[in-house]
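J.: Have a look at this one before I ask anything.
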Amino acid sequence: MLLSKSKHLNTTNNHYSKFLEQYDWNYFITCRSHYRLNTLTAENWVNRLLKASNKVNQVFYVVENDKADISSKHVHMLIQTNSDMTYKELRFGLVNISVGDYQEVNDKSYLCSYVTKHISSLDNYNFIFRES
């Protein structure tokens with residue numbers, strides 16, 4: 044039974060990863076806060092970023108538990124922009140949030156797989172598009 048559940052989870056993760064690979068992501072970031080994250084925290088961060096920058100078109104985010112301390116969480120984001128965006132611009136849009144792992148997406152397959160690695164066991168992820 045455990046083997047089949049594990050296989051199902053891997054299949055679900057793989058489907059999400061393949062779905063996300065269809066989009067042209069420009070940046071991958073990891074965000075943290077000193078405060079406890081609730082179910083709307085990451086979505087509020089994304090909405091703040093969308094308001095602060097016309098460069099951001101869409102964001103997929105997932106909230107994960109930290110390995111060392113499962114009571115703490117971090118957020119991975121895949122960001123699609125319509126032009127280049129600097130680290131400083133991202134930080135400005137996200138205000139007082141610690142942004143690490145800021146990188147351009149060079150290996151979309153790897154990063155989509157990375158952000159969806161635990162998606163089967165998570166309930167806090169979303170795909171947010173800029174409204175026209």
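The opening residue of the sequence shown carries number 44 in the working numbering; numbering runs sequentially from there.
Built from N, CA and C at the ideal position, the CB exists for glycine as well.
1. Quick check: what's the CA-CA separation for serine 156 versus asparagine 56?
2. Using a threshold of 9 Å, state whether the C-beta atoms of arginine 91 and leucine 137 are closer than that.
3. CA-CA distance, threonine 141 and threonine 124?
4. My guess is that valine 102 and isoleucine 162 are in contact by the Cβ rule of under 8 Å, so how many angstroms apart are they, rounded?
5. Just to confirm, is the Cβ distance from glutamate 107 to leucine 165 under 9 Å?
6. With 9 Å set as the bound, which would you pick, yes or no: does the beta-carbon of tryptophan 68 sit closer than that to a beta-carbon of chain D?
7. How big is the Cα-Cα spacing for glutamine 65 and leucine 154?
8. Identify the continuous alpha helix (DSSP H) that holds threonine 129 and give its terminal residues.
9. Where do the ends of the beta strand (DSSP E) carrying serine 141 lie?
10. Whole beta strand (DSSP E) runs in the segment 67-124 with 3 or more residues, listed along the chain?
11. Let me know the secondary structure DSSP gives aspartate 169 once reduced to three states.
12. Just tell me which of His119, Lys151 and Ser60 has its CA closest to the CA of threonine 84.
13. Do phenylalanine 71 and glutamate 132 come within 9 Å of each other at the CB atom, strictly closer than that value?
T.: Per the coordinate set shown:
1. 7 Å
2. In this structure, leucine 137 lies closer than 9 Å to arginine 91 by Cβ.
3. Reading off the sequence, residue 141 comes out as serine, not threonine. Going from the Cα of serine 141 to the Cα of threonine 124 covers about 20 Å.
4. Here valine 102 is actually not in contact with isoleucine 162; their C-beta atoms are around 15 Å apart, not less than 8 Å.
5. yes
6. The question asks about chain D, but that chain is absent: this structure has only one protein chain.
7. 13 Å
8. Careful: threonine 129 lies outside any alpha helix (DSSP H) and carries neither H nor E.
9. Serine 141 -> beta strand (DSSP E) spans 141-147.
10. 70-75, 99-108 and 116-124
11. In the sequence as presented, aspartate is not what sits at residue 169; that position holds asparagine. Three-state DSSP puts asparagine 169 in a strand.
12. His119
13. Glutamate 132 is not a Cβ neighbour of phenylalanine 71, given a cutoff of 9 Å.
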